[in-house]
Amino acid sequence: MEAYIVEWLNLLGRWVHMITGIAWIGASFYFVWLDNHLHAPKDPADTEKGIGGEIWSLHGGGFYHAQKYKVAPAQLPEVLHWFKWEAYTTWMTGMFMLALIYWYSAEIYLIDPGVADISKSFAVLMGAATLAVGWWVYDYLCKSPLGKDDKKLGAAIFVFITIMAFILTHLFSGR
1 MEAYIVEWLN
11 LLGRWVHMIT
21 GIAWIGASFY
31 FVWLDNHLHA
41 PKDPADTEKG
51 IGGEIWSLHG
61 GGFYHAQKYK
71 VAPAQLPEVL
81 HWFKWEAYTT
91 WMTGMFMLAL
101 IYWYSAEIYL
111 IDPGVADISK
121 SFAVLMGAAT
131 LAVGWWVYDY
141 LCKSPLGKDD
151 KKLGAAIFVF
161 ITIMAFILTH
171 LFSGR
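Shown next, in the form of structure tokens:
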């Protein structure tokens with residue numbers, strides 16, 4: 001029965017992850033398109049309010065007037081829609097699947113005794129530590145003097161990823 005539940009959770013996690021990922025990417029594409037099609041405001045009063053661009057659009061029989069402020073307006077509206085849940089849900093379902101597929105079933109997907117004879121708890125601990133260390137190194141490199149030079153930063157991150165890939169292929173399975 002446990003395998004049956006895990007498979008259903010796996011399926012549910014993948015579907016929610018895919019759907020929210022598509023929503024996140026779609027929202028990102030929409031805002032890239034929106035930024036690339038804004039026009040300077042025609043009304044001088046809008047410019048004085050800090051509006052840097054605007055666009056009129058039509059969708060599904062409805063007319064929309066979107067305005068982009070250069071910086072946050074002096075007063076925010078009571079109801080403000082944030083396009084954050086698409087990204088958060090994608091991240092949360094991704095972490096859920098990581099835990100369910102690779103950590104819960106580590107003996108199937110994460111551990112290969114032919115590569116390294118490690119316990120399930122050690123494999124899970126090393127997987128989580130790899131995420132934490134990877135985030136810390138990335139953050140450190142971005143905040144270091146290398147962060148001011150995109151090419152040097154990119155090279156340093158590439159070297160770090162290469163070293164980690166080499167180390168992890170000698171610890172985990174090829175999956």
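Counted the way full-length UniProt numbering counts, the sequence shown spans residues 1 to 175. Where is the CB? At the ideal position from N, CA and C, for every residue including glycine. All figures in this text were calculated on a predicted structure; none of them were measured in a lab.
Beta-carbon separation (whole angstroms), residue i vs residue j, contact threshold 8 Å
i, j, result
"His39", "Gly53", "6 Å"
"Lys120", "Ala99", "Contact flag wrong, Cβ pair sits at about 13 Å."
"Val137", "Phe160", "6 Å"
Where residue i falls: helix, strand or coil (DSSP)
i, result
"Ser119", "coil"
"Phe83", "coil"
"Arg14", "helix"
"Met1", "coil"
"Ile111", "coil"
"Gly127", "helix"
"Asp149", "coil"
"Pro172", "Reading off the sequence shown, one finds Phe at residue 172, where the question assumed Pro. If DSSP states are grouped into helix, strand and coil, Phe172 belongs with coil."
C-beta atoms of residue i and residue j nearer than 8 Å
i, j, result
"Leu76", "Ile55", "no"
"Tyr129", "Leu110", "Sequence check: residue 129 is Ala here, not Tyr. Contact flag unset, no."
"Arg14", "Met97", "yes"
8 Å Cβ shell around residue i - same chain, five flanking residues per side excluded
i, result
"Lys152", "Leu146"
"Ser173", "Tyr109, Leu110, Ile111, Asp112, Val115"
"Thr169", "Val115"
Contacting residues, own chain, Cβ-Cβ under 6 Å from residue i (five flanking each side not counted)
i, result
"Gly21", "Thr90"
"Pro41", "Thr47, Ile51, Glu54"
Close beta carbons around residue i, own chain, < 7 Å, minus the five adjacent residues each side
i, result
"Tyr69", "Gly50, Ile51, Gly52"
"Ala156", "Leu141, Leu146"
"His17", "Thr90, Thr93, Gly94, Met97"
- request: Entirely within the segment 25 to 92 and at least 4 residues each: give me those alpha helix (DSSP H) ranges in chain order.
  value: 44 to 48
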